[in-house]
Every structure is written in C-alpha cells, then in structure tokens.
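A.B. asks: Residue numbers (the working numbering), protein chains in the order written: chain W, 400 to 507; chain H, 0 to 115.
1) In whole angstroms, what separates the C-alpha of residue 27(H) from that of residue 1(H)?
2) What in chain W is Cβ-close to residue 76(H), meaning under 8 Å?
3) Counting C-beta neighbours from all protein chains within 10 Å, is the total for residue 63(H) 16 or more, i.e. buried, or is it exposed?
4) Give a yes or no on whether the minimum CB-CB distance between residue 90(H) and chain W is below 8 Å.
5) Taking all protein chains shown into account, do 16 or more other C-beta atoms lie within 10 angstroms of the C-beta of residue 435(W), making it buried, or fewer, making it exposed?
6) Are the CB atoms of residue 93(H) and residue 30(H) nearer to each other than 8 Å?
7) Roughly how many whole angstroms lie between the Cα atoms of residue 6(H) and residue 12(H)?
8) Taking beta-carbon pairs under 9 Å, can you tell me which members of the segment 483-498 of chain W lie near chain H?
9) What residues in the segment 439-454 of chain W bring their beta carbon closer than 8 Å to a beta carbon of chain H?
10) How about residue 427(W) and residue 469(W): are their beta carbons less than 8 Å apart?
11) For residue 51(H), decide whether its Cβ has a neighbour in chain W, counting only Cβ atoms nearer than 8 Å.
12) What's the call for residue 96(H), buried or exposed, on a 16-neighbour Cβ count within 10 Å?
13) Among 108(H), 35(H), 111(H), which has the Cα closest to the Cα of residue 59(H)?
14) Under 9 Å between beta-carbons, which chain H residues line up against residue 433(W)? List them in chain order, please.
15) For residue 417(W), count the other beta carbons within 10 Å of its own beta carbon; 16 or more makes it buried, fewer makes it exposed. Which is it?
16) According to DSSP, simplified to helix, strand and coil, what is residue 5(H)?
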C-alpha cells in the first residue's frame, strides 16, 4: 500500500511566524508533489507543486523536496490568520494520493 | 465560469436509494478524477478518466459505484443502494493532457452526500 503521511496537527503558530508542514511518502517512483490548502467546508486549492529536488519559492510559500529521503515540506513565512486551514500533501505516481492533512492555526 | 463544476452541491437520500452526481471539468482538460473525502481525512482516490476511457479504479471501490464519461467531457458518478457509510464529500478534479506545462489537478466544489 502506497502511503502519504502527514502529522495531523493541529499546528499552532503566532502571526508572523514561520509554519513548517511535513510530508513523507512511500513510493520511490513518485514524480510530482503538490501542496493543497483546504478551508473548512471547501474543496482543496493548489498552493505549490514541485518536481525536482531542492527548494521552490512562491511568495511566502517555499516547498522543499528530498527524493532520497522521500520527504516534502512546505514552509509558510510571515504566517497570517487567513492561512489557518488544513494543508494537504499530494503525491503523483500514476494516480494522485493525498495525505490526511495537517491542520494549521495562526493565532493573531 | 471556467472552473470545475459539480452538481448537485448537496444530496440527502435514504439508505438503499440510488444517487448520481455530475462533474463538468475545465474544457481543455482531458483528465478527470473522482475522489471521496470524509471528515478529517484527505481525498481518497476513486477513479480516473483520460478522455472517455476509465483508466484506473480504486481496488477499494465497491461495485455499487460506477462512473462514466461517455463523450470525454462531463462525467457522472452513480452510487447504487446507498449505505450510511457512503456519506461523504465527493470531489471531482480535472487536469490537462500529460506533457502539458503543468499537470496539477483543479478541484470542483464537491457534492456533499448524506445518507439517512
């Protein structure tokens, strides 16, 4: 069974801090990695995707991928209360598999 | 509106009834996915279409579930003889053809099913 694992949280950080979200996956053949944000009662929306080892930055978000360690992370700098949501890690090798998500709360 | 659309948004049914959901993907996207999501869990893959061909189906999917995409555009997901355990959010997503400059999925708003 191919697995995508995330800490369920909740992760709580103060406003302005860096939030660090982690994800591990079991399938070494995975090629594409995605982070989605999901607000309560809403559908997932894509934040970042990364295909190559290393870091990828987009505004306040940085995705980090280490295929050797089968690890992908998302850093959110200058966290805002509006970032409070569940963050889903998704991995594609053929079909796309999602982790259970990490619930992030940013406290003003 | 050029996003993925799903209908109905909410469905309440009695146990044993059949239900059908519809998904209209983004027009240039030839790949379409169905997922199920329950509270506190990530989306669970159900099935995948490329154009009109159903290429993958979850081994965990009951034979009460069937999906079609007859013309390679919209798709329907039918659940026969619904059970209370089928209560969930059913999400549809689409993505462009393989080899495109991006291959991420875009999700519709979902259909929330409640089985009484």
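We put the beta carbon where it would ideally sit given N, CA and C, even for glycine.
C.D. replies: So, from the listed chains and residues:
1) The count along the second chain starts at 1 and reaches residue 27(H) at position 28. The count along the second chain starts at 1 and reaches residue 1(H) at position 2. Looking at the two C-alpha atoms, the distance is approximately 10 Å.
2) As a working note, residue 76(H) is residue 77 in the second chain. Near residue 76(H) there are no residues of chain W at all, since even the closest Cβ is about 15 Å away, more than 8 Å.
3) Taking the first residue of the second chain as 1, we reach residue 63(H) at position 64. Exposed: under 16 other Cβ atoms inside 10 Å.
4) Translated into positions along the second chain, residue 90(H) becomes position 91. Among the residues facing chain W, residue 90(H) is included, as its CB has a counterpart in that chain under 8 Å away.
5) Translated into the one-based positions of the first chain, residue 435(W) becomes position 36. Classification for residue 435(W): buried.
6) For this step, residue 93(H) is matched to residue 94 along the second chain. For this step, residue 30(H) is matched to residue 31 along the second chain. It is a contact, given that the beta carbons lie within the stated cut-off.
7) Start at 1 with the first residue of the second chain, and residue 6(H) comes out as number 7. Start at 1 with the first residue of the second chain, and residue 12(H) comes out as number 13. Taking the straight line joining both Cα atoms gives about 15 Å.
8) 485, 487, 488, 489, 491, 493, 494, 495, 496, 497, 498
9) Listed in sequence order: 441, 442, 443, 444, 445, 448.
10) Position 28 of the first chain holds residue 427(W). Position 70 of the first chain holds residue 469(W). Yes, the Cβ-Cβ distance between residue 427(W) and residue 469(W) is below 8 Å.
11) As a first step, residue 51(H) is located in the second chain; it is residue number 52 there, counting from the start. Residue 51(H) does not count as touching chain W.
12) Here residue 96(H) corresponds to residue number 97 of the second chain, with the count starting at 1. By the 10 Å Cβ count, residue 96(H) comes out exposed.
13) As a position in the second chain, residue 59(H) is number 60, starting the count at 1. The candidate whose alpha carbon is nearest that of residue 59(H) is 35(H).
14) As a first step, residue 433(W) must be located in the first chain, where it is residue number 34. Within chain H, the residues near residue 433(W) are 103, 104.
15) Walking along the first chain from the start, residue 417(W) turns up at place 18. Flag for residue 417(W) reads exposed.
16) Position 6 of the second chain holds residue 5(H). Of the three classes helix, strand and coil, the one that applies to residue 5(H) here is strand, per DSSP.
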